[in-house]
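Everything below concerns the one structure shown next.
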Amino acid sequence: MKRKILAIRDFREAFEFLPNFKSIVKEIQPDAIVFAGSVLKGTKLEEEYKSATLMGRPPRREILHEVEEHQIRVLNEFFKTLGETGIKTYIVPGKNDAPLKVYLRALAQMEDVYPNLRGVHETFANWGSEFVVFGLGGKLNETIFEEDFIVKYPRWYAEYVLKFMYEMKPKRKLMVLHHPPIGQKVDVCPDGKHHGSAISNTLIKTFNPEIAIVGLAGRGYEKIGDTLVVNPGPMCEGYFAVIDVQEKKVEYGDLR
Numbered sequence: 007m008k009r010k011i012l013a014i015r016d017f018r019e020a021f022e023f024l025p026n027f028k029s030i031v032k033e034i035q036p037d038a039i040v041f042a043g044s045v046l047k048g049t050k051l052e053e054e055y056k057s058a059t060l061m062g063r064p065p066r067r068e069i070l071h072e073v074e075e076h077q078i079r080v081l082n083e084f085f086k087t088l089g090e091t092g093i094k095t096y097i098v099p100g101k102n103d104a105p106l107k108v109y110l111r112a113l114a115q116m117e118d119v120y121p122n123l124r125g126v127h128e129t130f131a132n133w134g135s136e137f138v139v140f141g142l143g144g145k146l147n148e149t150i151f152e153e154d155f156i157v158k159y160p161r162w163y164a165e166y167v168l169k170f171m172y173e174m175k176p177k178r179k180l181m182v183l184h185h186p187p188i189g190q191k192v193d194v195c196p197d198g199k200h201h202g203s204a205i206s207n208t209l210i211k212t213f214n215p216e217i218a219i220v221g222l223a224g225r226g227y228e229k230i231g232d233t234l235v236v237n238p239g240p241m242c243e244g245y246f247a248v249i250d251v252q253e254k255k256v257e258y259g260d261l262r
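Note that the sequence shown ends on residue 262 in this note's numbering; no numbers are left out.
This is the structure we're talking about:
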């Protein structure tokens, strides 16, 4: 059976692209949509986190309450847009989708309204009878765990929370990671710098998915081991990708 995936990442509150996104969905008629984070810009929280880290002080927690109402509005509108497509949609949070509890609460409420939405952060969902879709959101690093000001996980945590995949019956696997692996294309920004994580490489090698859809930085696709890794590019700049699952072909599009 021919299957198409519409892959997007890093919406970052770019509401101007939603009308064209809805039109593209109707035109392409994908069998699934995959979103690899981030819905939110998260600028204010990330700046406070960086400032606090540099100054050796705890971040100011009152700022979390200052931005929460705005965050909930953004999350609800974006998830509503995905839900109204009626297409099975698999979602992980990005590094900017903090506090994670606000993000997860909004997604859980929207999943009740739109059964086609499925969060796969630290868990899995079936796609038809053939595929299992699983994932991990957030930025990866060697030591730091953080979910309030940015979403960031250490290596041990990333490896531990996906252990459930060892128990899965043999199925075709589709992985969703916010942080791309180190590669030739999928983690390279226009400045030529690599932004991938070796932890993502380890996870891909360990679980050997047929396809891995990634976010955060970069744009392009390549084979890493036996896995087709696809970075659709930032939705906030108009980018998306369409993946032909059977043929392993990738086409890029523009919402502008």
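Ideal placement from N, C-alpha and C gives every residue a C-beta, glycine not left out.
Using DSSP's beta-bridge definition, name the partner residues of residue i.
i, result
"Met174", "Per DSSP, none; premise fails for Met174."
"Tyr227", "Val236"
"Phe130", "Phe140"
"Phe84", "Paired residues: none, contrary to the question."
"Gly125", "Ile97"
For residue i, which of helix, strand or coil comes out of DSSP?
i, result
"Pro64", "coil"
"Ser44", "coil"
"Thr233", "strand"
"Lys10", "strand"
"His201", "coil"
"Pro187", "strand"
"Lys94", "coil"
"Tyr258", "strand"
"Arg251", "For the sequence presented, residue 251 should be read as Val rather than Arg. It is coil, neither helix nor strand."
"Ala20", "coil"
"Val192", "coil"
For residue i versus residue j, is the C-beta spacing smaller than 8 Å?
i, j, result
"Glu83", "Lys47", "no"
"Arg103", "Ser57", "The displayed chain sequence assigns Asp, not Arg, to residue 103. Against a cut-off of 8 Å, the Cβ pair of Ser57 and Asp103 comes out as no contact."
"Val192", "Tyr227", "yes"
"Ile78", "Lys50", "no"
"Gly92", "Val119", "no"
"Glu52", "Phe170", "no"
"Glu216", "Arg178", "yes"
Alpha carbon to alpha carbon, what distance is there between residue j and residue i?
i, j, result
"Arg124", "Arg63", "37 Å"
"Pro176", "Val126", "18 Å"
"Arg111", "Thr212", "30 Å"
"Glu173", "Phe130", "12 Å"
"Gly143", "His184", "5 Å"
"Glu22", "Thr87", "13 Å"
"Lys94", "Met61", "44 Å"
"Val138", "Lys32", "25 Å"
"Val220", "Pro186", "5 Å"
"Val235", "Glu152", "26 Å"
"Leu12", "Glu253", "15 Å"
"Cys242", "Asp16", "6 Å"
Exercise. Counting only runs that start and end within the region 135 to 182, where is the beta strand (DSSP E) found for 3 or more residues in a row?
Worked result: 137 to 142, 145 to 147, 158 to 160
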